[in-house]
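Taken in order, the sequence shown gives residues 2 to 225; the numbers are from the working numbering.
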Amino acid sequence: LKTYGLWTKMKAIYPFVGGTAEQHRWNLKTLTDFKLTFVGGWSHSNNGALPNGTTAYADTQLSPSLTLSVNNAHTSIYVNNNPVAYTSYPGFGCQDVVDNTKTFYTLLSLSNTYYSFIGDEKGSSTYGVMYNNTDSKGFYIASRTSSMMLKGYKNNILKATTTIQNTGLLPSQNYHYGSGNNGTAGLLSLTYNNYSHAFASIGDGLTDAEATAFYNAVQTFQTT
Numbered sequence: 002l003k004t005y006g007l008w009t010k011m012k013a014i015y016p017f018v019g020g021t022a023e024q025h026r027w028n029l030k031t032l033t034d035f036k037l038t039f040v041g042g043w044s045h046s047n048n049g050a051l052p053n054g055t056t057a058y059a060d061t062q063l064s065p066s067l068t069l070s071v072n073n074a075h076t077s078i079y080v081n082n083n084p085v086a087y088t089s090y091p092g093f094g095c096q097d098v099v100d101n102t103k104t105f106y107t108l109l110s111l112s113n114t115y116y117s118f119i120g121d122e123k124g125s126s127t128y129g130v131m132y133n134n135t136d137s138k139g140f141y142i143a144s145r146t147s148s149m150m151l152k153g154y155k156n157n158i159l160k161a162t163t164t165i166q167n168t169g170l171l172p173s174q175n176y177h178y179g180s181g182n183n184g185t186a187g188l189l190s191l192t193y194n195n196y197s198h199a200f201a202s203i204g205d206g207l208t209d210a211e212a213t214a215f216y217n218a219v220q221t222f223q224t225t
């Protein structure tokens with residue numbers, strides 16, 4: 002990541018190395034910040050961290066509005082399993098409890114469709130990126146590099162681009178994995194899910210070239 006010039010863009014990197022909750026909680030970028038707190042039923046192994054889909058979530062302690070810039074932000078996750086397609090809202094991230102113009106969350110496969118929002122949502126998918134996604138396994142990046150550019154990548158393929166003007170902001174709630182967070186009982190309208198987390202990151206926006214370099218680094222790491 003340092004060779005590719007990506008290290009300084011990262012705020013949190015979760016490699017999920019090892020087979021215990023204590024090993025999986027660490028933020029590689031800064032060990033003293035944004036350590037994961039696992040809540041509910043999680044299974045930890047060398048394959049990653051697997052939530053039970055009913056009570057489990059992980060709190061990053063990272064508030065997007067305090068840590069990131071709304072028009073310069075990314076989130077990534079590497080999933081190595083493929084649960085049954087959800088018909089409710091299986092996602093992670095955070096959103097303001099009353100204001101849907103303050104969002105930072107992802108749905109991996111809602112009725113076999115991927116959605117991701119950074120900033121404005123307004124209850125409409127046109128403000129986010131969306132694409133058909135029938136297999137949850139893979140490495141996902143959602144990246145906003147300007148108020149007019151939000152992109153979604155999967156396995157080094159640019160899957161969707163949105164150029165709708167973003168007038169929204171980032172939420173203050175902590176970013177969660179395993180479920181979303183809107184500050185009410187730890188949950189967004191997103192439901193719990195059981196995606197196996199093998200790698201994840203949060204940081205500044207990534208260009209196409211940077212997204213490719215990031216994919217190559219993470220894929221090499223996962224293969225090794």
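Built from N, CA and C at the ideal position, the CB exists for glycine as well.
Residues that residue i bridges to, as DSSP identifies them
i: P91; result: T192
i: N28; result: In the DSSP output, where bridge partners are listed per residue, N28 has none listed.
i: S202; result: I14 and S77
i: A161; result: G153
i: V40; result: Y58
i: P52; result: W43
i: T107; result: F93 and S117
i: L170; result: K103
i: G181; result: G94
i: G139; result: V80
i: N133; result: T114
Option nearest residue i by Cα separation, candidates the options
i: K152; options: F215, G206 and N82; result: G206
i: S110; options: V130, K123 and T55; result: V130
i: N53; options: Q24, H198 and L170; result: H198
i: M150; options: S117, N194 and V18; result: S117
i: H18; options: L29, T9 and K12; result: The sequence shown places Val at residue 18, rather than the His named in the question. Nearest option by C-alpha distance: L29.
i: F215; options: Y58, L171, Y141 and G120; result: Y141
i: N72; options: F39, T221, Q220 and G204; result: G204
i: T55; options: T221, N156 and Y178; result: Y178
i: N157; options: A210, N182 and K103; result: A210
i: D60; options: A161, T221 and G181; result: G181
i: P172; options: K103, V99, Q62 and A13; result: K103
Rounded C-alpha distance that separates residue i from residue j
i: T163; j: A212; result: 16 angstroms
i: H25; j: N101; result: 31 angstroms
i: D97; j: N48; result: 32 angstroms
i: Y128; j: N167; result: 7 angstroms
i: G41; j: G169; result: 32 angstroms
i: S147; j: A74; result: 9 angstroms
i: G92; j: L67; result: 22 angstroms
i: N195; j: L51; result: 6 angstroms
i: T208; j: Y115; result: 20 angstroms
i: S44; j: G20; result: 9 angstroms
i: G187; j: I78; result: Below a pLDDT of 50, predicted positions are generally treated as unreliable, and G187, at 47, falls in that range; no measurement from the model is reported.
i: G120; j: S46; result: 34 angstroms
i: D34; j: Y106; result: 21 angstroms
i: T224; j: P16; result: 13 angstroms
i: W8; j: G94; result: 22 angstroms
Secondary structure of residue i, DSSP reduced to three states
i: Y216; result: helix
i: S126; result: helix
i: S66; result: helix
i: F35; result: coil
i: D121; result: coil
i: D100; result: coil
i: D60; result: strand
i: T146; result: strand
i: G187; result: In this predicted model, G187 has a pLDDT of only 47, less than 50, meaning its place in the structure is not dependable; the value taken from the coordinates is given anyway. In the structure shown, G187 sits in coil (DSSP, three-state: anything other than H, G, I, E or B).
i: T225; result: coil
i: T9; result: helix
CB contact flag (residue i, residue j, <9 angstroms)
i: T138; j: V80; result: Here residue 138 is Lys; the residue named in the question, Thr, does not match the sequence. Yes, these two residues count as a Cβ contact at 9 angstroms.
i: N175; j: S70; result: no
i: Y5; j: A218; result: yes
i: N113; j: N83; result: no
i: T76; j: A22; result: no
i: A57; j: Y193; result: yes
Chain C within 9 angstroms of residue i, Cβ atoms only
i: W43; result: Of the protein chains in the structure, only one exists, and it is not chain C.
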